[in-house]
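Chemist:
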Amino acid sequence: GESVGLHLPTLSVQEGDNSIINCAYSNSASDYFIWYKQESGKGPQFIIDIRSNMDKRQGQRVTVLLNKTVKHLSLQIAATQPGDSAVYFCAENGSGGYNKLIFGAGTRLAVHP
Amino acid sequence: GAVVSQHPSWVICKSGTSVKIECRSLDFQATTMFWYRQFPKQSLMLMATSNEGSKATYEQGVEKDKFLINHASLTLSTLTVTSAHPEDSSFYICSAIVAGGSPNEQFFGPGTRLTVL
Numbered sequence: 003g004e005s006v007g008l009h010l011p012t013l014s015v016q017e018g019d020n021s022i023i024n025c026a027y028s029n030s031a032s033d034y035f036i037w038y039k040q041e042s043g044k045g046p047q048f049i050i051d052i053r054s055n056m057d058k059r060q061g062q063r064v065t066v067l068l069n070k071t072v073k074h075l076s077l078q079i080a081a082t083q084p085g086d087s088a089v090y091f092c093a094e095n096g097s098g099g100y101n102k103l104i105f106g107a108g109t110r111l112a113v114h115p
Numbered sequence: 128g129a130v131v132s133q134h135p136s137w138v139i140c141k142s143g144t145s146v147k148i149e150c151r152s153l154d155f156q157a158t159t160m161f162w163y164r165q166f167p168k169q170s171l172m173l174m175a176t177s178n179e180g181s182k183a184t185y186e187q188g189v190e191k192d193k194f195l196i197n198h199a200s201l202t203l204s205t206l207t208v209t210s211a212h213p214e215d216s217s218f219y220i221c222s223a224i225v226a227g228g229s230p231n232e233q234f235f236g237p238g239t240r241l242t243v244l
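Taken in sequence, the protein lines are chains A and B.
So in the numbering used here, spot 78 of the first sequence is number 80, and the numbers just go up one at a time.
So in the numbering used here, spot 48 of the second sequence is number 175, and the numbers just go up one at a time.
1) Anyone know if the C-beta pair for A249/B and S145/B falls short of 8 Å?
2) Is T158/B closer than 8 Å to T176/B when the C-beta atoms are compared?
3) Taking the alpha-carbon positions, what's the C140/B to T209/B distance?
4) What whole-angstrom Cβ distance do G106/A and A93/A have, given they're in contact under 8 Å?
5) Is the region 25-34 of chain A touching the region 69-87 of chain A, taking contact as three or more C-beta pairs under 8 Å?
6) Could you please give the first and the last residue of the uninterrupted beta strand (DSSP E) stretch that includes R151/B?
7) With S14/A as the anchor, note down where its beta strand (DSSP E) starts and where it stops.
8) Under the assumption that P237/B contacts K39/A (Cβ atoms under 8 Å), give the Cβ distance between them as a whole number of angstroms.
9) Quick one: what's got a C-beta closer than 6 Å to D19/A's C-beta in the same chain, skipping five residues either side?
10) Considering only DSSP beta bridges, list what Q40/A is partnered with.
11) Distance check for K168/B and A112/A, CA to CA, integer angstroms please.
12) Count the other CB atoms, across all protein chains shown, that sit within 10 Å of the CB of Q233/B; report buried if there are 16 or more and exposed otherwise.
13) Can you tell me where the beta strand (DSSP E) with M160/B in it begins and where it stops?
14) Consider the C-beta atom of K70/A and the heavy atoms of the ligand FMN; say whether any pair is separated by less than 7 Å.
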């Protein structure tokens with residue numbers, strides 16, 4: 003069935019380093035992808051999105067890369083800070099209609115001082 | 128803008144009782160709201176799509192008679208967990224789409240932690 007998976011369940015980085023979180027998706031019909039950040043006990047927080055007609059999009063300290071050939075999505079965080087520690091989810095809009103989102107398994111990012 | 132609230136933020140109930148969770152869009156109207164369930168250390172799983180003034184659409188495997196959804200106004204959707212059991216303990220999160228806004232942009236609530244004893 004449709005699924006969005008992540009390569010790394012946990013990522014530990016040093017403060018100030020760059021972080022890269024990866025995601026693989028299986029639905030080639032998806033045309034919209036989003037990265038969310040979720041802190042413990044809170045709802046998901048929008049980070050950045052990208053449409054399938056793009057392969058790169060940059061925000062403040064974050065960059066999302068989309069490789070449709072291999073169905074791969076990544077989130078790059080520059081100069082990672084302790085406040086970036088959270089679980090990160092990728093999501094795709096799939097083909098199910100109703101604007102539904104399919105979430106990946108999540109990667110926990112731990113930033114060490 | 129685009130703030131979504133949930134009430135309560137946490138609830139503990141006895142097995143067999145029913146619990147109602149509210150999802151409100153505070154500064155916008157939402158024609159569509161979504162309800163998700165998240166078990167510890169797992170991802171968000173969509174339970175149902177709630178459209179104002181019509182019946183909710185449930186995902187496969189979600190019991191509509193157990194998880195009652197009502198979307199009576201453009202700013203409020205409720206999820207009632209009927210005859211709750213310990214296996215229903217979870218983090219329930221709602222999201223909303225701004226009426227007339229991007230259909231792909233969902234704004235999430237802070238979640239409700241349900242613990243069934």
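Note that CB positions come from ideal geometry on N, CA and C, so glycine has one too.
Modeler: So, from the listed chains and residues:
1) Nothing can be reported for residue 249/B, as the shown portion of chain B is limited to 128 through 244.
2) no
3) 11 Å
4) 7 Å
5) yes
6) 146-152
7) 12-16
8) About 14 Å; that fails the 8 Å criterion.
9) T82
10) V89/A
11) 15 Å
12) buried
13) 157-165
14) The ligand content of the structure shown is nil, which means the ligand FMN is not present either.
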